[in-house]
Amino acid sequence: MTRFLLRRLLGLAVMLVAASLVVFVVMNVLPGDPALLMLGTGATKSTLAALRHQMGLDLPLWQQYLRWAGGLLEGNFGISYTYQTPVAGLILSRLWVTLPLAGMSILLSVGIAIPVGVIAATRQGKAADAALMGAAQLGVAVPNFWLGLLLILVFAVRLHWLPATGFPGWSHGILPGVAALLMPAVSLALPQAAILARVTRSAVIEAAGEDYVRTARAKGLAARAAIWGHALPNALIPVVTIMGFQFSYLLAGTVVIENVFTLPGMGRLLFQAIAGRDLITVQDIVVLLTGSVIVVNTLVDLTYAAIDPRISVGGGER
Amino acid sequence: MRATIPALAAPALAAFMLAAGLAPGAARAAAKDSISIGMTLEPPILDPTAGAAAAIGEVTYQNIFQGLTQIDAAGQVVPSLATSWTISKNGKTYTFNLVHGVVFSDGEPFDCTTVKFSLNRARAKDSINPQKALFAPITNVACPNAETAVVTLKQPTASFLFGMAMPAAVMVAPDSAANNKTDPVGTGPYKLGTWVKGDHITLVRNPKYSGKAPPIATATFRFIADPAAATAAMLAGNLDAFTLFPAPESVPQLRQDKKLDVVIGNTSGKIIISLNEAKKPFDNLLVRRAMAYAIDKQAYNQSVLNGYGTPIGSHDVPGDAGYVDLANTYPYNPAMAKKLLAEAGYPHGFSMTMLLPPPPYARRGGEVIAAMLGQVGIKVKLVDVEWAQWLSQAFTHKDYEATIIAHVEPRDLYQYANPEYYWNYHNKAYDALFARYQAATDPKQQLKLWGDLQRKLAKDEPNIFLCALPKIGVWNANLRGMWKNMLITVDIVGQMSWAK
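Line order of the protein sequences matches chains A and B. If you read the first sequence in the working numbering, its first letter stands for residue 1, the second for the next number, and so on. If you read the second sequence in the working numbering, its first letter stands for residue 1001, the second for the next number, and so on.
Written out as structure tokens, the structure is:
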């Protein structure tokens, strides 16, 4: 176990260095100059030179990289070229939107997918199964941004129940914040729930055919209890695996959905920072996202052990 | 759809929405002294002397920061922190009489030393002022007394007072100037309340403001980039105004809403096809004229701007005081275009590449323009570029043949006399004419020469002039004080109020 964690930590470090190098190179290969973007079409040679010097863009690239990467090691994320404030503060304030949004989406997705998948599995081949899986098929096909716009049209423009876009900030209370995140979370959750429900269904059907479920039934356990108590726990491994994959998609999805709903989250910050060539901010966020994906994958591996005691994460024998 | 909510859930939901302040109409009940305004782009910083983004001026100009002069709704230069001024006979010395008793929102007094500091800072060697050219004519700023500022210029500069009204020329105080990017301190009726980056900026009344307190107490600027989301926010009543509304296709829908006013006006944006005169065949006047004849500006306006733009024939817009209508200099005539191309030695046309930055006037417009030019044998390869890439490839490195772009800086005819500008337009006659305009001291003479400059460009067609970029304003029908046209992007909250 300790060896497993150490190996993962080492992997994390290597991946982070690689990611930081890749994103730094890519951002610097991209045409576009942050100083020029600040000055626009009125820029002159002298103002451009003065601003590039102020921003440290006149230094050789390797020095710029070491400056940035060295700062990261000390926990200093640097100063945003665009906003001229510390990137750490920018990211931290955005996490207060993106983390609750991602959390709500995962809860909604799992909360919908597991019951739907199990119900469809127990009614395999019946009308309820066909209806639920038909809906899931539709959910897989619907892009999240389109779903978002549809929700805005119905619940904000027609019914005036929820704000169309934007985020009031948590200082205005929990309810307005949750209300603002509700439609974005649903837009992110439904397509993911659709996939997860299909995986749950097939995993439960497979597990339901196993001997231990038959034994449980033979001992006199009701069909429903056998499915929820015995088949589902054993079906969770593929479900958790898919959830792990979905986490990266969820991060990508927040970029799109935060733009549709103009939420001040990290995804929108990343999107704007790329367009605005806010190199430091892009680099910081990409390194953070890389780290979080690796951490989540590690957590998924640890979860396998929790779900199935036969699996040892240390790489030992079953 | 309301009827389908289960009986038990409905009261709970209503209570939830009341608690959340979401009940329809709840926001409109009390007498209103606040306003929420939509913008597509967020200002990166709040110091108009340190960044070119129009959004900086939209939030701060005349709200937080004020200049010596200002531009009014009619596009005229009127007094601001300078209550009056005199210009010497030779046009080189400007004596500004300053307002009395004005302090910055942090208490620092405004007087001639502030003027001297602000102007010298903008023209200094290490200045990063986005419009440093405005200050280039200044040779000296003197303070005979605290309430008088004397500015001496190298040569007479007809555009000087207009330039001093630009957002980049606002007055900043020595103690606070360095922090204005994130903590703006100005002399205006408002100061920064909160800034939730990525979402909104709130301005609140400046208690130290020397004038009468404005009717609106708080103004919230919300950033909504997506056109569909902007439409939804207006229709849902989440916003009171959208000064530069980004979705022309939604205008008919918004017009049906009685609660909203939709007002179409002009910005100072000139949509042009920039041609690189350093590249063949764009150095050839006949080719440029042929291209102008080949393009149906009205059709471009209809299909790209939904008909809300105004065709133009030179580098100026109808909202400007000295505008001359030259839109018919090269009326749509493909046969004439082919004839001129043949005369220029291109009887079968030629191939060219056109860079398209992201806005619809370029991306959607590029398709339309390429089809029109195709009719006369000019094969256009369209290349989409990001704004950052456009600035570095076309604007800085001049590595382009043609590009569609809106130049939004008002009265920027001086760029055609700037030999370093990315158009590579070098014309001695134009340069001489521009020098004569700048040297003119009589306003009538200035106006005449301003017209001559436009006529000269229309004749020479260094770029293909398409349309004035429309200003689609959408706001609550009870809101007063919004501008129909605007030469600079502004939202002057101090002039706004609610009816009744």
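In this text, a Cβ means the ideal position worked out from N, Cα and C, and glycines have one as well.
Could you tell me how far apart the beta carbons of residue i and residue j are, in whole angstroms, since I believe they sit closer than 8 Å?
{"i": "A:D284", "j": "A:G148", "result": "Going by Cβ atoms, the distance from A:D284 to A:G148 rounds to 27 Å, so no, they are not a contact pair."}
{"i": "B:G1038", "j": "B:I1045", "result": "With a Cβ gap of about 20 Å, B:G1038 and B:I1045 do not count as contacting."}
{"i": "B:F1166", "j": "B:I1464", "result": "Note that residue 1166 of chain B is Met in the sequence shown, not Phe. Actually they do not touch by this definition, with Cβ atoms about 27 Å apart."}
{"i": "B:L1375", "j": "B:A1294", "result": "The identity of residue 1375 of chain B in the sequence shown is Gln, whereas the question assumes Leu. That pair is a contact at about 7 Å."}
{"i": "B:R1123", "j": "B:K1132", "result": "7 Å"}
{"i": "B:N1063", "j": "B:L1203", "result": "6 Å"}
{"i": "B:I1404", "j": "B:L1326", "result": "At roughly 19 Å, the Cβ-Cβ gap does not stay under 8 Å, so B:I1404 and B:L1326 are not in contact."}
{"i": "A:I195", "j": "A:V118", "result": "The Cβ separation is near 16 Å, so there is no contact."}
{"i": "A:T281", "j": "A:L269", "result": "7 Å"}
{"i": "B:K1471", "j": "B:N1266", "result": "6 Å"}
Could you tell me whether any Cβ in chain A is nearer than 9 Å to the Cβ of residue i?
{"i": "B:V1317", "result": "no"}
{"i": "B:I1128", "result": "yes"}
{"i": "B:T1267", "result": "no"}
{"i": "B:H1100", "result": "no"}
{"i": "B:W1387", "result": "yes"}
{"i": "B:M1486", "result": "no"}
{"i": "B:R1222", "result": "yes"}
{"i": "B:H1426", "result": "no"}
{"i": "B:T1396", "result": "yes"}
{"i": "B:D1199", "result": "yes"}
{"i": "B:I1045", "result": "yes"}
{"i": "B:L1391", "result": "yes"}
{"i": "B:A1477", "result": "no"}
{"i": "B:N1238", "result": "yes"}
{"i": "B:E1367", "result": "no"}
{"i": "B:Q1076", "result": "no"}
{"i": "B:V1196", "result": "yes"}
For chain B, check one thing: does any of its Cβ atoms lie closer than 9 Å to the Cβ of residue i?
{"i": "A:Q54", "result": "yes"}
{"i": "A:D33", "result": "yes"}
{"i": "A:V25", "result": "no"}
{"i": "A:Y83", "result": "yes"}
{"i": "A:N259", "result": "yes"}
{"i": "A:H230", "result": "no"}
{"i": "A:P264", "result": "yes"}
{"i": "A:I227", "result": "no"}
{"i": "A:V157", "result": "yes"}
{"i": "A:D284", "result": "no"}
Under a Cβ-count criterion, where at least 16 other Cβ atoms within 10 Å of its own Cβ denotes burial, should residue i be classed as buried or exposed?
{"i": "A:Y212", "result": "exposed"}
{"i": "B:F1104", "result": "buried"}
{"i": "A:P233", "result": "exposed"}
{"i": "A:P264", "result": "buried"}
{"i": "B:R1028", "result": "Legend: pLDDT at B:R1028 = 45, less than 50; position of this residue unreliable, value from coordinates given subsequently. Classification for B:R1028: exposed."}
{"i": "B:H1100", "result": "exposed"}
{"i": "B:A1232", "result": "buried"}
{"i": "A:G253", "result": "buried"}
{"i": "A:P143", "result": "exposed"}
{"i": "B:P1144", "result": "exposed"}
{"i": "B:N1140", "result": "exposed"}
{"i": "B:A1020", "result": "Residue confidence is low: B:A1020 scores 41 on pLDDT, short of 50, so the model does not pin down where it sits. No coordinate-derived value is stated."}
{"i": "B:P1024", "result": "Reliability fails at B:P1024, whose pLDDT of 43 lies under 50, so the model's placement of it is uncertain and the value that follows must be treated cautiously. Exposed: under 16 other Cβ atoms inside 10 Å."}
Identify which residue in the options has its Cα closest to the Cα of residue i.
{"i": "A:V199", "options": "A:L190, A:A235, A:K219, A:F167", "result": "A:A235"}
{"i": "A:V116", "options": "A:A130, A:M104, A:G103", "result": "A:A130"}
{"i": "A:L251", "options": "A:L10, A:A222, A:V97", "result": "A:V97"}
{"i": "B:G1319", "options": "B:D1033, B:S1036, B:M1486", "result": "B:M1486"}
{"i": "B:P1079", "options": "B:Q1066, B:S1088, B:K1089", "result": "B:Q1066"}
{"i": "B:M1354", "options": "B:P1347, B:H1348, B:R1364", "result": "B:R1364"}
{"i": "B:M1164", "options": "B:A1142, B:T1069, B:W1475, B:V1304", "result": "B:T1069"}
{"i": "B:S1303", "options": "B:E1367, B:D1316, B:R1288", "result": "B:E1367"}
{"i": "A:W62", "options": "A:A49, A:A203, A:V25", "result": "A:V25"}
{"i": "B:H1407", "options": "B:I1312, B:N1129, B:A1230", "result": "B:I1312"}
{"i": "B:K1458", "options": "B:G1481, B:L1413, B:P1419, B:S1497", "result": "Just to set this straight, residue 1458 of chain B is Ala in the shown sequence, not Lys. Among B:G1481, B:L1413, B:P1419, B:S1497, the Cα nearest to that of B:A1458 belongs to B:L1413."}
{"i": "B:D1199", "options": "B:F1223, B:S1084, B:K1212, B:A1217", "result": "B:F1223"}
{"i": "B:A1299", "options": "B:Q1454, B:V1474, B:R1289, B:I1369", "result": "B:I1369"}
{"i": "B:P1207", "options": "B:W1195, B:P1189, B:F1221, B:P1215", "result": "B:P1189"}
List the residues of chain D that residue i touches, going by C-beta distances under 7 Å, in chain order.
{"i": "B:A1233", "result": "Among the protein chains of the structure shown, namely A and B, there is no chain D."}
> Fully enclosed by the segment 1222-1291 of chain B, which alpha helix (DSSP H) runs are 4 residues long or longer?
Replying inline: 1227-1235, 1251-1255
> What are the complete alpha helix (DSSP H) segments, minimum 4 residues, inside the segment 1139-1217 of chain B?
Replying inline: 1160-1163
> Whole alpha helix (DSSP H) runs in the segment 1325-1407 of chain B with 4 or more residues, listed along the chain?
Replying inline: 1334-1343, 1360-1375, 1387-1390
> Residue ranges of each beta strand (DSSP E) run of no fewer than 3 residues wholly in the segment 1082-1128 of chain B, ordered along the chain?
Replying inline: 1082-1087, 1093-1098
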